[in-house]
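Colleague: Heads up: the sequence shown at position 156 corresponds to 156 in full-length UniProt numbering, and the numbers run straight through without jumps.
Just so you know, even glycine gets a beta-carbon here, dropped at the ideal spot from N, CA and C.
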Amino acid sequence: MKPVRSPILAKQPVARNASPAKSPVKTTVKPKVKHTVVKSSTASSKSGAATATPVRAGTRPKPRPASQPAPVTPEPKEEPELDENDKWMKEARAKVSNIKGIDPNAAEQIFNDVVVKGDPVVWDDIAGLEQAKTSLKETVVYPFLRPDLFSGLREPAQGMLLFGPPGTGKTMLARAVATESQSTFFSISASSLTSKFLGESEKLVRALFLMARALAPSIIFVDEIDSLLSARSENGEHETSRRIKTEFLVQWSALQHAAAGKEHEDVTRVLVLAATNLPWVIDEAARRRFVRRQYIPLPEPETRKYHLQKLLSAQKHDISPEQFDKLVAMTDGYSGSDMTALAKDAAMGPLRSLGEALLTTPRDKIRPIGFEDFVASMKTIRPSVSKEGLKVFEDWAAMYGSSGA
Numbered sequence: 001m002k003p004v005r006s007p008i009l010a011k012q013p014v015a016r017n018a019s020p021a022k023s024p025v026k027t028t029v030k031p032k033v034k035h036t037v038v039k040s041s042t043a044s045s046k047s048g049a050a051t052a053t054p055v056r057a058g059t060r061p062k063p064r065p066a067s068q069p070a071p072v073t074p075e076p077k078e079e080p081e082l083d084e085n086d087k088w089m090k091e092a093r094a095k096v097s098n099i100k101g102i103d104p105n106a107a108e109q110i111f112n113d114v115v116v117k118g119d120p121v122v123w124d125d126i127a128g129l130e131q132a133k134t135s136l137k138e139t140v141v142y143p144f145l146r147p148d149l150f151s152g153l154r155e156p157a158q159g160m161l162l163f164g165p166p167g168t169g170k171t172m173l174a175r176a177v178a179t180e181s182q183s184t185f186f187s188i189s190a191s192s193l194t195s196k197f198l199g200e201s202e203k204l205v206r207a208l209f210l211m212a213r214a215l216a217p218s219i220i221f222v223d224e225i226d227s228l229l230s231a232r233s234e235n236g237e238h239e240t241s242r243r244i245k246t247e248f249l250v251q252w253s254a255l256q257h258a259a260a261g262k263e264h265e266d267v268t269r270v271l272v273l274a275a276t277n278l279p280w281v282i283d284e285a286a287r288r289r290f291v292r293r294q295y296i297p298l299p300e301p302e303t304r305k306y307h308l309q310k311l312l313s314a315q316k317h318d319i320s321p322e323q324f325d326k327l328v329a330m331t332d333g334y335s336g337s338d339m340t341a342l343a344k345d346a347a348m349g350p351l352r353s354l355g356e357a358l359l360t361t362p363r364d365k366i367r368p369i370g371f372e373d374f375v376a377s378m379k380t381i382r383p384s385v386s387k388e389g390l391k392v393f394e395d396w397a398a399m400y401g402s403s404g405a
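1) Quick one: grab the DSSP three-state call for T184.
2) Give every residue of the same chain whose Cβ lies closer than 6 Å to the Cβ of I225, excluding the five residues on either side of it in the sequence, and list them in chain order.
3) Cβ of I282 within 8 Å of Cβ of S201?
4) With DSSP as the reference, label F150 as helix, strand or coil.
5) Counting only beta-carbon atoms, is E372 nearer than 8 Å to chain C?
6) Express the C-alpha separation of F393 and M399 in angstroms, rounding to a whole number.
7) Report the CB separation of P120 from T184 in whole angstroms; it is logged as a contact under 8 Å.
8) Is the number of C-beta pairs between the segment 379–397 and the segment 159–172 that are closer than 8 Å three or more?
9) Is the separation between the beta-carbon of A174 and that of I102 shorter than 8 Å?
10) Taking only the alpha-carbon atoms, compute the straight-line gap between I110 and I381 and give it to the nearest angstrom.
11) Comparing alpha-carbon positions, which option in L311, L161 and G355 lies nearest P279?
12) Sort out for me which residues DSSP pairs D223 with in a bridge.
13) Please report how far the alpha carbon of T361 lies from the alpha carbon of A92, in whole angstroms.
14) For H317, write down the residues that DSSP places opposite it in a beta bridge.
15) Starting from F290, trace the alpha helix (DSSP H) both ways and give me its first and last residue.
16) In the structure shown, what three-state DSSP assignment does S218 receive?
17) How far does the alpha helix (DSSP H) with M339 in it extend, from its first residue to its last?
18) Considering only C-alpha positions, which residue in the set P217, T134, L308 and P156 is nearest to S181?
19) For M378, report the span of its alpha helix (DSSP H) as first-last.
20) Measure the alpha-carbon distance for V267 versus K245 and round it to whole angstroms.
21) Residues in its own chain within less than 8 Å of V114 by CB, not counting five upstream and five downstream?
22) Between the alpha carbons of A314 and P368, how many angstroms are there, rounded?
23) Between P104 and M89, what straight-line distance do the alpha-carbon atoms span, to the nearest angstrom?
24) Within 10 Å of its beta-carbon, does H238 have 16 or more other beta-carbons around it, so buried, or fewer, so exposed?
25) As a quick exercise: from V96, S241, G355 and F144, pick the residue whose alpha carbon is nearest that of A190.
26) How big is the Cα-Cα spacing for L298 and V328?
27) Does the Cβ of F197 have 16 or more other Cβ atoms within 10 Å, making it buried, or fewer, making it exposed?
28) Give the straight-line distance between the Cα atoms of L271 and L255, rounded to the nearest whole angstrom.
29) Quick one: using the 10 Å Cβ neighbour count with 16 as the cut-off for buried, is G389 buried or exposed?
30) Find the nearest neighbour of A376 within the set T331, K133, E356 and L359, judged by alpha-carbon distance.
31) Could you check what DSSP says for V121 in three-state terms: helix, strand or coil?
32) Using the rule of at least 16 other Cβ atoms within 10 Å of the residue's Cβ for burial, across every protein chain shown, is D125 buried or exposed?
33) What is the rounded straight-line gap between the Cα of W396 and the Cα of R287?
34) My output table needs one value for S402: the three-state DSSP class, helix, strand or coil.
35) Please report the distance separating the alpha-carbon of Q251 from that of V205.
36) Taking H317 as the reference, which of E302, Y295 and G370 has the closest Cα?
What follows is the structure, given as structure tokens:
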């Protein structure tokens, strides 16, 4: 039997012209060169992902030369300076965020849809209505600016209603009150408090009154309040509408109780100011809370003249003082918005007279607005309030409100 050789002791081949090895040695096989991926030491500062560089095995990445500057981190950009409205809004959001029990989504919706800043209106922007201005000053402006003088029997009212024919300046008066009293102005309507989700409308109403207290002095202005607080009925009223009315009246009552001295926070300088063209459809409970009900009538002759002259002050016209007096007499029964519509239509008279030549006529060659343009416009722009409708307002004012231009 032949002996078996161990594979370890097997004789290795000997190279030519070389002496045989004294002992068997395992041959070393040179490995093939492989390319590997070494992560670079520099990484993207934004994504955090390392860049890959192919190098030969056993080598190191080349160091950055000393002359090469290190990457510079860009300095953070300075935030643009905020204007007054943006600064106020930022501070207001900070105050509202500290209110306990307020729904953040409802508060954000109030900020976006209800809070009004900018475009201030002052008393001089409103022609006439001196009696209404005086009443608003006594009810809102003076108590808000001097709260130390208005306490006890002088405690200001928490609700005021402006009613009268459409187009008489009720909304402008509300904006002017907010400007003159340096108040936060919340302008709401029935649609801004209505939600399709159950319970969301009540959250909006609560958020509205909580924010008004936090940002006092505040004015909650409800335009067309007859659509929000109309008389409640057993039949034909939607459940959502009923819940909104109830929540609004509850929050309003809480505001009045606080003003009566049951709480000591500075919440007395919050007023619910409303406007309507249909005061007789307002719910009796809501009407009771409007302690002051001010009738805003159609403009008097002097007011119409002032308004017309102000509208034409920036326009080229050749209307004489005598013709202004004639126009005032011819516009009896026109509201403030009717006068504005009439002036706009009359201003188109010089352009209409050019016809197709309008496209090539230089601006300085267009004739001025004349008395005849107003006479022609009166054929199409008529008063929006009838004498019968005006008498209904006067009768309601005599029964429930106070009148005066």
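Modeller: Let's see:
1) strand
2) Correct list, in chain order: A274 and T276.
3) Not a contact, by the Cβ cut-off of 8 Å.
4) coil
5) Here there is only one protein chain, and chain C is not present.
6) 10 Å
7) Not really, about 13 Å apart at Cβ, beyond 8 Å.
8) yes
9) Cβ atoms of A174 and I102: not closer than 8 Å.
10) One C-alpha to the other measures close to 38 Å.
11) L161
12) A275
13) 52 Å
14) Residue pairing of H317 in beta bridges, as defined by DSSP: I369.
15) Where F290 is concerned, there is no enclosing alpha helix (DSSP H), given that its DSSP letter is neither H nor E.
16) strand
17) G336 to A347
18) The closest CA to that of S181, considering only P217, T134, L308 and P156, is found on P217.
19) Taken as a continuous stretch (DSSP letters only), M378 belongs to no alpha helix (DSSP H), as it is neither H nor E.
20) Residue placement at V267 is poorly supported in this model, since its pLDDT is 45, which falls under 50; the coordinates still yield a value, given next. Rounded to whole angstroms, V267 to K245 spans 22 Å at the Cα level.
21) F186, S187, I188, S192 and L208
22) 12 Å
23) For P104 and M89, the distance between alpha carbons rounds to 15 Å.
24) Exposed, by the Cβ-count rule.
25) S241
26) Here the alpha carbons of V328 and L298 stand approximately 13 Å from one another.
27) Around the beta carbon of F197, fewer than 16 other beta carbons sit within 10 angstroms, so the residue counts as exposed.
28) 9 Å
29) exposed
30) T331
31) coil
32) D125 is exposed by the Cβ-count criterion.
33) 12 Å
34) Collapsing the DSSP output to three states places S402 in a strand.
35) Rounded to whole angstroms, Q251 to V205 spans 8 Å at the Cα level.
36) Ranking E302, Y295 and G370 by Cα distance to H317 puts G370 first.
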